[in-house]
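**Student:** Residue numbers (the UniProt record's numbering): 1 to 447.
1) Could you check where the alpha helix (DSSP H) with residue 310 kicks off and where it finishes?
2) Ignore the nearest five residues each way along the sequence and tell me which others in residue 393's own chain have a CB closer than 6 angstroms to its CB.
3) So residue 381 is in the beta strand (DSSP E); what residue range does that whole segment cover?
4) Looking at residue 377: is its Cβ nearer than 8 angstroms to the Cβ of residue 274?
5) Let's see if you can read the secondary structure: which residues bound the beta strand (DSSP E) around residue 342?
6) Compare the C-alpha of residue 365 against each of 443, 263, 343 and name the closest.
7) Within a Cβ cutoff of 7 angstroms, which residues of the same chain sit near residue 60, ignoring the five residues on either side of it in sequence?
8) Compare the C-alpha of residue 414 against each of 426, 318, 369, 353 and name the closest.
9) Check residue 363 in the structure and name its three-state DSSP category.
10) Are there 16 or more other CB atoms within 10 angstroms of the CB of residue 198, so buried, or fewer, so exposed?
11) Taking only runs that begin and end inside the UniProt domain "Phospholipase D-like" (78-230), name each unbroken beta strand (DSSP E) of 3 or more residues, in chain order.
12) Taking C-alpha atoms, which residue in 347, 293, 111, 268 lies nearest to residue 450?
13) Got a sec, what are the start and stop residues for the beta strand (DSSP E) residue 262 sits in?
14) What's the C-alpha gap between residue 123 and residue 132?
15) Does the contact criterion of 3 or more C-beta pairs under 8 angstroms hold for the stretch 415-422 versus the stretch 80-100?
16) Are there three or more Cβ pairs, one per stretch, closer than 8 angstroms when the stretch 421-438 is compared with the stretch 342-354?
17) Residue 383: which of 391, 360, 367 sits nearest, CA to CA?
18) Below 8 angstroms on the Cβ atoms is my contact criterion, and I expect residue 252 with residue 397 to pass it. Report the Cβ-Cβ distance as a whole number of Å.
19) So, with DSSP's three-state summary, where would you put residue 393?
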């Protein structure tokens, strides 16, 4: 009975902000992770030798303590390892982690230049956020202590964007990325993915984070985007891209005319004749974990998925929130039949509300494509980041990463496959719970 209510919940209902779910913050694991990675002198000294690890990090809301906090602990431990001469810049839709706030204030107090941006919807008279208030006050106090030692260019601040930072109007500042100028012997570190700097990102969500290390070109470019966000004014163009042969990073809003990387890739896939590793019978493999999948953009992507499924591609989609029309279209019995779908969300205590859910926004293609201009039968492509497939995401601040090589694609493909095959299981409804009177999405971010 619960499933029926969840799948066909009216999408116009008001939903509280995400990342407000009550979870116990794991401060000790963050400190343990910091200690395990080496003494701070190895990172902060003028002759630092320790280096940060790049690549993909996943977290699991149903994993071990280390698995749950893998991403948040990585971000916090990196904050703690930034030397006094370095800078930290963070854009997170929400900030709700006491240990992260404390680490940022500590960094500012030792001389690090800290700048933090958050969406204004996550702190107001109706939405208290004492952690962000503590951060603002702590950075202000750190500036006062710096006044006789540092120029104002080294001062630290936290601010909010009301709506999209780079569009200056409605929509959302939904990006999640983290920049560190120095981390031990590493330089120019950029982290981006689906994880906000919140407790819920660990305790209630499945998330991903990709870390780029020693990439001066990318860091400089992302720093330019961050400066635009910091000014909180309309810029043109709002859709910008940093493209390299094996990876790309895009920032939205995508307001008009720009090519959607996801739709473009799906339009160029051939379903048969693939020769890449893991392809079964030469069929191209497509995996999707879009979190939110709805609206006009959602239907555009759904039509491409259905066409590819009918053409013989191996398709699996794990979602959290899906539009009624999109779900109806994908589960039609026409052609090859329903596209394989699975909701990756869990009601852990039987109260009718989802407590844990997939927060990834990831897509993979492993097989055959002519997107590169030639008929490539061993094509590897992954899209991830902060953007859901929804109309609000299209016009909001988002970070969208693209990777065009085997190892990353297989990591995401295998991760999605694992949870599609072994989805989180919900507890049966407790006696007396009327599903018609419960909003199963009350603890979720709906876009």
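Heads up, the beta-carbon is just placed ideally off N, CA and C, and yes, glycines get one too.
Quantities reported herein were computed from a predicted structural model and do not represent experimental measurements.
**Tutor:** According to the structure data:
1) 295-310 is the extent of the alpha helix (DSSP H) around residue 310.
2) The residues 387, in chain order, have a CB closer than 6 angstroms to that of residue 393 in the same chain once the five nearest residues on each side in sequence are set aside.
3) It spans 376-385 - the beta strand (DSSP E) in which residue 381 sits, taken as one unbroken run.
4) Residue 377 places its beta carbon less than 8 angstroms from that of residue 274.
5) DSSP places residue 342 in the uninterrupted beta strand (DSSP E) bounded by 341-343.
6) When the alpha-carbon of residue 365 is set against those of 443, 263, 343, the nearest one is in 263.
7) Counting only residues of its own chain and dropping the five nearest sequence neighbours on each side, residue 60 has a CB closer than 7 angstroms to the CB of 67, 68, 206.
8) Residue 318 holds the alpha-carbon nearest to the alpha-carbon of residue 414 among 426, 318, 369, 353.
9) Reduced to three states, the DSSP call for residue 363 is strand.
10) By the neighbour-count criterion, in which 16 or more other beta carbons inside 10 Å mark a residue as buried, residue 198 falls on the buried side.
11) Every beta strand (DSSP E) stretch that sits fully inside the UniProt domain "Phospholipase D-like" (78-230) and reaches 3 residues is listed by chain position as 87-92, 113-119, 157-161, 176-183, 186-193, 205-212.
12) Because the chain here runs from 1 to 447, residue 450 falls outside it and cannot be looked at.
13) Premise fails: residue 262 lies in the alpha helix (DSSP H), 261-267, not in any beta strand (DSSP E).
14) The alpha-carbon atoms of residue 123 and residue 132 are separated by roughly 8 angstroms.
15) Cβ pair count under 8 angstroms is below three, so no.
16) Contact holds: three or more Cβ-Cβ distances are below 8 angstroms.
17) By alpha-carbon distance to residue 383, the top candidate from 391, 360, 367 is 360.
18) Between residue 397 and residue 252 the Cβ distance is about 7 angstroms, and since that is below 8 angstroms, they are a contact.
19) Helix, per DSSP.
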